[in-house]
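Comments concern the structure below.
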Amino acid sequence: MRALKLIFILLLINSVYSINVSVNLDSYGWIKIESKNNISPIISNLSYLELNKFKEDSNYFYSLKVPLDKKREILTFNFKNLSNLTLNEVSCAKFLKINDYSLNGSILRVKYSLNLPIIILCIALFLIMIVSTILISLKIKALFKFKPLSVEEKSKVIKKYNSLLFLNSIVIAILFLLSLIVCDSPLLLSYFLNISPTIIFPALFLVVFLIVFIPIFINLKEISNFYDEKVTGKEYLKTIIVLILIVLPIVGVFIFLISGMSEKIIEPFKKEFYNLPFVLRISFWIIFYSIIFNIYYKLIDLLFKKVGFVKVEEADERIKSWTNELSKKLNVSPPKKIEVIKSPMANAYIKGLFRERLVLTTKLLESLNEDEIKGIIVHELAHRKKIHVKIGFLGNIVITIIIFSILYYFLLKFNVGEPILIVLFGLIYVLIELVQSYFIRKLETEADLLASKAVGAKTYIRALCKLHSSNYLPKSFGFLNMFYRHPPLEKRLKRIAKKFNIPEEEVEEIIEKYYRR
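Using this note's numbering, you'd call the opening residue of the sequence shown number 23 and step up by one each time.
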């Protein structure tokens with residue numbers, strides 16, 4: 023009975039409808055079939071590695087993943103009982119060339135070859151990436167061999183160092199994008215290594231990410247000596263592990279998206295989900311990933327403390343007393359916890375979205391006097407009073423939703439290809455970073471003014487000068503200022519001076535005092 027039913031379906035389809043077929047080759051063969059009728063029983067009898075099917079309007083679509091004969095450089099496929107086949111399109115990845123193809127009856131043959139110029143170009147792009155990174159690393163090594171005497175000279179070294187790292191990141195990003203757009207590099211690697219593209223792409227992304235940090239790895243000893251810190255073999259290993267752990271969630275998101283696992287999360291309410299406006303769908307995923315990232319980094323923070331990557335101690339009674347006193351002055355509840363971490367950098371920050379903690383570094387406590395430390399503590403308490411951490415978190419989500427919604431609308435309006443899509447995502451990422459950094463700098467300015475009012479503008483100006491000069495930070499990073507989440511020192515001090523009527527000449531004298539040391 024089942025055989026008779028299958029024969030009936032075949033006769034009906036073959037007598038009335040033609041079936042459209044298109045083929046694409048990359049690391050596998052992909053055969054797409056479009057039919058007016060449901061031919062699932064026939065398709066299920068074909069030979070394939072993977073099958074995806076869906077219905078749109080009144081058409082049925084089937085996508086078959088099939089193996090390539092890489093030795094003979096040919097794709098051969100037997101459609102068996104399917105006839106009335108029309109071969110509409112044969113295409114391939116950029117590292118392949120289609121030489122010949124035919125569809126005789128139910129037998130499809132596609133003869134291809136490797137596109138050697140594209141493969142050579144891809145190799146060249148990655149070689150340039152490595153050579154550029156090595157040259158930048160050597161330039162940084164030479165930079166830190168120079169022994170500056172004053173803080174001013176040291177801050178110029180740090181400014182050049184940051185510019186070189188930025189240049190290296192831009193060069194690598196451009197070369198990597200070119201390899202994706204021009205060469206289909208993940209698919210090329212997948213073809214030769216016989217590894218799934220869903221594994222290759224995140225792995226390649228991770229490798230490229232680590233290449234960006236090679237100049238830091240190579241010059242870790244020189245950089246540490248610059249800050250009078252000694253680095254052991256364990257410290258090198260620790261830095262590499264920290265960087266990998268930091269990038270893991272980003273790679274995880276790529277795997278999550280490519281593997282289609284996101285569909286499984288919304289499976290119970292899939293129909294309702296796709297009926298929502300696209301802005302709400304985008305909002306769901308951005309909020310989902312933001313929560314996952316926050317949980318992940320909280321766990322990493324706990325892990326670092328457990329294994330001793332970060333040495334944390336409770337603040338002494340003196341610091342607790344200052345914090346409680348200043349909290350009352352600002353009419354804000356004191357942080358749940360105050361931590362002091364061992365670090366060669368002078369820094370302070372509020373940590374945590376709900377159970378906020380105040381974190382101070384040992385270098386900060388060693389470099390500033392009591393009034394100046396109080397000024398920095400007030401700055402952090404101002405963030406707490408004005409709920410800047412929560413505003414920043416929600417603001418980042420809102421900005422990302424707005425920008426990605428505009429991108430999604432643009433993609434729906436205009437049919438853009440994959441290369442343009444990749445470039446757009448790169449540009450969108452940079453745009454999100456720039457917009458977020460701009461608004462966070464506004465919050466920092468608000469905290470600066472509140473701290474200046476609480477402890478006195480001149481005291482706070484000295485505190486900022488000492489903090490920056492202790493870290494050998496330049497007074498301005500030039501064009502790189504737009505990427506930083508704190509305003510440059512000069513701009514911060516000028517705003518404070520203007521607000522509290524302090525002559526600019528007096529501010530310049532304070533800056534010179536700490537940078538000419």
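Don't be surprised by glycine CBs; every beta carbon is placed ideally from N, CA and C. It should be emphasised that the depicted structure is a prediction, and the values quoted were computed from it without experimental measurement.
Got a sec? Which residues, its chain only, sit under 8 Å from residue i by beta carbon, not counting five neighbours each side?
{"i": "residue 241", "result": "159, 162, 163 and 166"}
{"i": "residue 408", "result": "465, 468, 469 and 472"}
{"i": "residue 244", "result": "162, 163, 166 and 167"}
{"i": "residue 151", "result": "193, 194, 197, 198, 230 and 233"}
{"i": "residue 186", "result": "158, 161, 162, 165 and 237"}
{"i": "residue 524", "result": "479, 480, 483 and 518"}
For residue i, is the classification buried or exposed, using 16 other Cβ atoms within 10 angstroms of its Cβ as the cut-off for buried?
{"i": "residue 88", "result": "buried"}
{"i": "residue 402", "result": "buried"}
{"i": "residue 394", "result": "buried"}
{"i": "residue 7", "result": "Because residue 7 is not part of the residues shown, which for the chain are 23 to 539, the question remains open."}
{"i": "residue 108", "result": "exposed"}
{"i": "residue 214", "result": "exposed"}
{"i": "residue 482", "result": "buried"}
{"i": "residue 504", "result": "exposed"}
{"i": "residue 420", "result": "exposed"}
{"i": "residue 529", "result": "buried"}
{"i": "residue 190", "result": "buried"}
{"i": "residue 131", "result": "exposed"}
{"i": "residue 135", "result": "exposed"}
{"i": "residue 94", "result": "exposed"}
{"i": "residue 137", "result": "buried"}
{"i": "residue 488", "result": "buried"}
{"i": "residue 456", "result": "exposed"}
Please report the straight-line C-alpha distance between residue i and residue j, rounded to a whole angstrom.
{"i": "residue 146", "j": "residue 207", "result": "12 Å"}
{"i": "residue 29", "j": "residue 103", "result": "No answer about residue 29 holds up, because its pLDDT of 45 lies below 50 and its placement is not dependable."}
{"i": "residue 61", "j": "residue 81", "result": "11 Å"}
{"i": "residue 238", "j": "residue 451", "result": "23 Å"}
{"i": "residue 235", "j": "residue 229", "result": "10 Å"}
{"i": "residue 290", "j": "residue 306", "result": "15 Å"}
{"i": "residue 461", "j": "residue 412", "result": "13 Å"}
{"i": "residue 522", "j": "residue 534", "result": "20 Å"}
{"i": "residue 18", "j": "residue 178", "result": "Absent from the structure is residue 18, since the part of the chain shown begins at 23 and ends at 539."}
{"i": "residue 36", "j": "residue 122", "result": "Reliability of the predicted coordinates at residue 36 is poor, the pLDDT of 46 falling under 50, and no value is obtained from them."}
{"i": "residue 377", "j": "residue 47", "result": "53 Å"}
{"i": "residue 56", "j": "residue 157", "result": "52 Å"}
{"i": "residue 133", "j": "residue 120", "result": "6 Å"}
{"i": "residue 531", "j": "residue 537", "result": "10 Å"}
{"i": "residue 496", "j": "residue 180", "result": "7 Å"}
{"i": "residue 349", "j": "residue 479", "result": "18 Å"}
{"i": "residue 296", "j": "residue 302", "result": "10 Å"}
{"i": "residue 386", "j": "residue 494", "result": "13 Å"}
{"i": "residue 78", "j": "residue 41", "result": "15 Å"}
{"i": "residue 510", "j": "residue 111", "result": "56 Å"}
{"i": "residue 406", "j": "residue 417", "result": "16 Å"}
{"i": "residue 118", "j": "residue 311", "result": "36 Å"}
{"i": "residue 340", "j": "residue 398", "result": "15 Å"}
{"i": "residue 52", "j": "residue 335", "result": "58 Å"}
{"i": "residue 105", "j": "residue 76", "result": "21 Å"}
{"i": "residue 225", "j": "residue 205", "result": "17 Å"}
{"i": "residue 11", "j": "residue 92", "result": "Nothing in the structure corresponds to residue 11, since the chain is present only between 23 and 539."}
{"i": "residue 485", "j": "residue 172", "result": "19 Å"}
{"i": "residue 142", "j": "residue 318", "result": "40 Å"}
{"i": "residue 389", "j": "residue 502", "result": "27 Å"}
{"i": "residue 90", "j": "residue 292", "result": "34 Å"}
By Cβ distance below 7 Å, which residues in the same chain neighbour residue i in space, the five residues on each side in sequence not counted?
{"i": "residue 508", "result": "463 and 466"}
{"i": "residue 218", "result": "212"}
{"i": "residue 422", "result": "308 and 454"}
{"i": "residue 367", "result": "383, 385 and 493"}
{"i": "residue 148", "result": "201"}
On the premise that residue j lies in contact with residue i, defined as a C-beta separation below 8 Å, what is that separation, rounded to the nearest angstrom?
{"i": "residue 380", "j": "residue 363", "result": "Going by Cβ atoms, the distance from residue 380 to residue 363 rounds to 11 Å, so no, they are not a contact pair."}
{"i": "residue 97", "j": "residue 68", "result": "About 14 Å; that fails the 8 Å criterion."}
{"i": "residue 304", "j": "residue 426", "result": "5 Å"}
{"i": "residue 365", "j": "residue 384", "result": "6 Å"}
{"i": "residue 73", "j": "residue 65", "result": "7 Å"}
{"i": "residue 267", "j": "residue 316", "result": "Their Cβ separation, rounded to whole angstroms, is 15 Å, which puts residue 267 and residue 316 out of contact at 8 Å."}
{"i": "residue 100", "j": "residue 128", "result": "6 Å"}
{"i": "residue 400", "j": "residue 476", "result": "5 Å"}
Nearer than 7 Å: is that true of the beta carbon of residue i relative to any heavy atom of the ligand HEM?
{"i": "residue 154", "result": "No copy of the ligand HEM appears in this structure; indeed no ligand is present at all."}
What does a CB cutoff of less than 6 Å around residue i pick up in its chain, not counting 5 residues either side in sequence?
{"i": "residue 20", "result": "Not covered by the structure: residue 20. The range shown for the chain is 23 to 539."}
{"i": "residue 357", "result": "378, 379 and 380"}
{"i": "residue 140", "result": "116, 117 and 205"}
Return no unless some Cβ of chain C is closer than 8 Å to the Cβ of residue i.
{"i": "residue 111", "result": "Protein chain content of the structure displayed is limited to a single chain, and chain C is not contained in it."}
Ordered list of alpha helix (DSSP H) runs contained in the segment 113-173, each at least 4 residues: 138-167
Segments of 3+ residues assigned as beta strand (DSSP E) that fall wholly inside the segment 291-378: 334-336, 359-363 and 370-373
Within the segment 500-528, ranges of the alpha helix (DSSP H) (whole runs, at least 4 residues): Segments of the alpha helix (DSSP H) lying fully in the segment 500-528: 511-521.
In chain order, each beta strand (DSSP E) run of at least 3 residues that lies wholly inside the segment 43-86: As far as the segment 43-86 is concerned, its whole beta strand (DSSP E) runs of at least 3 residues are 51-57 and 72-78.
4 or more residues per run - each alpha helix (DSSP H) lying fully within the segment 200-227: 207-215
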